[in-house]
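The opening residue of the sequence shown carries number 46 in this note's numbering; numbering runs sequentially from there. Ideal Cβ positions, reconstructed from N, Cα and C, are used throughout, including at glycine. Structure, as structure tokens:
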Amino acid sequence: MNSNLSKATAIAGAILASTLYVNAQTPPGGAPAATPPAAPAAPTPPLFSTTKVEGTDNVYIFRYQGHQSMFVVTKAGVIATDPIGLRRPQAVTTYIDEIKKVTSQPIKYVIYSHSHYDHIAGGKPFKDLGAKFVAHKNAKAQLQRFPSPDVIMPDELVDGKKTINLGGTSLELLYVGKNHSDNSLVMRLPKEKIIFAVDFIPIQTVLFRNMPDTTNPLEWQASLKRVAALEWDRMIPGHPYAGGRLGTKQDLADLMGYFDDLSAEVKKAAAEGKCTDTAMKEIKLPKYEKWGNYAQFLPMNVERMCYLANGN
Ligand SMILES: [Zn+2]
46 MNSNLSKATA
56 IAGAILASTL
66 YVNAQTPPGG
76 APAATPPAAP
86 AAPTPPLFST
96 TKVEGTDNVY
106 IFRYQGHQSM
116 FVVTKAGVIA
126 TDPIGLRRPQ
136 AVTTYIDEIK
146 KVTSQPIKYV
156 IYSHSHYDHI
166 AGGKPFKDLG
176 AKFVAHKNAK
186 AQLQRFPSPD
196 VIMPDELVDG
206 KKTINLGGTS
216 LELLYVGKNH
226 SDNSLVMRLP
236 KEKIIFAVDF
246 IPIQTVLFRN
256 MPDTTNPLEW
266 QASLKRVAAL
276 EWDRMIPGHP
286 YAGGRLGTKQ
296 DLADLMGYFD
306 DLSAEVKKAA
316 AEGKCTDTAM
326 KEIKLPKYEK
336 WGNYAQFLPM
346 NVERMCYLAN
356 GN
């Protein structure tokens, strides 16, 4: 982590909140309708940062405001991920400039983490450089349902698994089931034991609102088990949670524990006829009160689990 990233993440929570607010206005797979609230006045974090992941030769995190993307530099070209350019084309040109500072290799791929526009809009400058776009097949279906001129359609699709081999680097693209969307890919670097996973494994942060675009929280929990079974040590997230650090398997276990605790409390409340309004007011999970967005989103997390308890 460089000092830019640490400084930037001092107020990451606030940035994240405004970022997520944008997503809150988003219909499944669709474009946000609202303008995000202004970023906090002070202290102002650097607009962007590029950080080489410690202990690796070629793995980088590009952060622009409250979004993050991974890129991997190989002897035969660069594998980039989410363009993170929604309503800020300068984020994409900056991303490309930052890659060019590190290598003269061409950018061969752009891999989409999932179909939400706050992560994947703005990819045209990558396309103009000849990059091939890759996404899960359900992401393409979402993008066809909610087309945007600002989102490049994927050229290649992943179903269960695809491995990209480029210049001596292997990058696995893995589908672990439905969670925060129906098309989230886990990108795994087997040699480095690093994964890049976006939005469905928040670090020490409760789940976003009432889990919009989630068909069933049980499927989300099942997908987390699949990620836990993979071999990795460090996770690059799509937002700088918890001070901007990388995630660990313990963070994933903690999130799975949160889901279990939330689910148990809601089941109890449902049995007492308290779903939904009373449960939203009464349920507290003090073990997690230090987590990001706890006060703001816990009642909405309860709301979503009440729907599930009520058979929806
Ligand atoms: Zn998302």
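Look at Y154 and A176 and say whether their C-beta atoms are less than 8 angstroms apart.
-> The count along the sequence shown starts at 1 and reaches residue 154 at position 109. The count along the sequence shown starts at 1 and reaches residue 176 at position 131. In this structure, Y154 lies near A176, with their beta-carbon atoms less than 8 angstroms apart.
Taking the Cβ atom as the reference point for each residue, do T119 and L211 lie within a distance shorter than 8 angstroms?
-> Counting from 1 along the sequence shown, the entry for residue 119 is found at position 74. Counting from 1 along the sequence shown, the entry for residue 211 is found at position 166. Between T119 and L211, the C-beta spacing is below 8 angstroms.
Mind listing which residues have their beta carbon within less than 5 angstroms of any non-hydrogen atom of ligand 1? Chain order is fine.
-> After applying the 5 angstroms Cβ criterion, the set is H161 and D244.
Buried or exposed for R108, please, with buried defined as at least 16 other CB atoms from any protein chain shown within 10 angstroms of its CB.
-> Your numbering for residue 108 matches position 63 in the sequence shown. Result: buried.
Presumed contact (8 angstroms Cβ cut-off) between V251 and L343, rounded CB distance = Translated into the one-based positions of the sequence shown, residue 251 becomes position 206. Translated into the one-based positions of the sequence shown, residue 343 becomes position 298. About 6 angstroms; that satisfies the 8 angstroms criterion.
Express the C-alpha separation of L330 and D306 in angstroms, rounding to a whole number.
-> Numbered from its first residue, the sequence shown carries residue 306 at position 261. Numbered from its first residue, the sequence shown carries residue 330 at position 285. Straight-line Cα distance between these residues: approximately 8 angstroms.
Could you give the distance in angstroms between the alpha-carbon of F191 and the alpha-carbon of Y162?
-> The residue given as residue 191 occupies position 146 in the sequence shown. The residue given as residue 162 occupies position 117 in the sequence shown. For F191 and Y162, the gap between their C-alpha atoms comes out near 10 angstroms.
Determine the extent of the alpha helix (DSSP H) in which N224 is found, giving its start and end residues.
-> Position 179 of the sequence shown, counted from the first residue, corresponds to residue 224. Taken as a continuous stretch (DSSP letters only), N224 belongs to no alpha helix (DSSP H), as it is neither H nor E.
Do you know how far the Cα of L219 is from the Cα of M46?
-> Position 1 of the sequence shown, counting from 1, holds the residue named residue 46. Position 174 of the sequence shown, counting from 1, holds the residue named residue 219. Note that M46 has pLDDT 39, beneath the 50 cutoff, so the model's placement of it is unreliable and the number below is only indicative. One C-alpha to the other measures close to 26 angstroms.
When you compare only the Cα positions, how much space is there between K223 and G318?
-> What you label residue 223 is simply residue 178 of the sequence shown in a count that begins at 1. What you label residue 318 is simply residue 273 of the sequence shown in a count that begins at 1. Rounded to whole angstroms, K223 to G318 spans 29 angstroms at the Cα level.
Identity of the residue in A136, D142 and T126 nearest H159 by Cα = To locate residue 159, count along the sequence shown from 1; it is residue 114. Answer by Cα proximity: T126.
For my contact list, E237 and V104 are in at a C-beta cut-off of 8 angstroms; report their separation, rounded to the angstrom.
-> Taking the sequence shown and counting its residues from 1, the one referred to as residue 237 is at position 192. Taking the sequence shown and counting its residues from 1, the one referred to as residue 104 is at position 59. For E237 against V104, the beta-carbon gap comes to about 6 angstroms, under 8 angstroms, which counts as contact.
State the CB to CB distance for the pair V196 and I165, rounded to an integer number of angstroms; the pair is presumed to be in contact (CB under 8 angstroms).
-> As a working note, residue 196 is residue 151 in the sequence shown. As a working note, residue 165 is residue 120 in the sequence shown. So it is a contact: roughly 6 angstroms between Cβ atoms.
Contact between the region 226-240 and the region 280-289: three or more CB pairs below 8 angstroms?
-> Yes: the two stretches touch, three or more of their Cβ pairs being nearer than 8 angstroms.
What's the C-alpha gap between Y352 and M325?
-> Within the sequence shown, residue 352 is the residue found at index 307, counting from 1. Within the sequence shown, residue 325 is the residue found at index 280, counting from 1. Distance from the CA of Y352 to the CA of M325, rounded to the nearest whole angstrom, comes to 12 angstroms.
Coil, strand or helix - L263 by DSSP = Sequence index remark: in the sequence shown, residue 263 carries index 218 (1-based). Helix at L263.
R349 - containing alpha helix (DSSP H), residue span = Taking the first residue of the sequence shown as 1, we reach residue 349 at position 304. Taken as a continuous stretch (DSSP letters only), the alpha helix (DSSP H) holding R349 covers Y339 to A354.
How big is the Cα-Cα spacing for F245 and G292?
-> Reading the sequence shown from its first residue, position 200 is the one you call residue 245. Reading the sequence shown from its first residue, position 247 is the one you call residue 292. Each residue's alpha carbon lies about 12 angstroms from the other.
Check whether the Cβ atoms of V123 and T148 lie closer than 8 angstroms to each other.
-> The sequence position of residue 123 within the sequence shown is 78, counting from 1. The sequence position of residue 148 within the sequence shown is 103, counting from 1. It is a contact, given that the beta carbons lie within the stated cut-off.
What is the DSSP secondary structure of Y157, counted as helix, strand or coil?
-> Residue mapping note: residue 157 aligns to position 112 of the sequence shown, counting from 1. Y157 carries a coil assignment under DSSP once its states are collapsed to helix, strand and coil.
CA-to-CA distance, K294 to A273, given in whole angstroms | As a position in the sequence shown, residue 273 is number 228, starting the count at 1. As a position in the sequence shown, residue 294 is number 249, starting the count at 1. Spanning the two alpha carbons is a distance of roughly 7 angstroms.
Local conformation of H164 per DSSP, three classes | As a working mapping, residue 164 is identified with position 119 in the sequence shown. DSSP places H164 in helix when its eight states are reduced to three.
Would you kindly report the start and end of the unbroken beta strand (DSSP E) that includes F107?
-> Here residue 107 is taken as the residue at index 62 of the sequence shown, counted from 1. Where F107 is concerned, the enclosing beta strand (DSSP E) stretches over V104 to Y109.
C-beta contact flag for L230 and I141 at 8 angstroms | Counting from 1 along the sequence shown, the entry for residue 230 is found at position 185. Counting from 1 along the sequence shown, the entry for residue 141 is found at position 96. For the 8 angstroms CB-CB criterion, L230 and I141 do not form a contact.
Which residue comes first and which comes last in the beta strand (DSSP E) that contains I197?
-> Within the sequence shown, numbered from 1, the residue matching residue 197 stands at position 152. Where I197 is concerned, there is no enclosing beta strand (DSSP E), given that its DSSP letter is neither H nor E.
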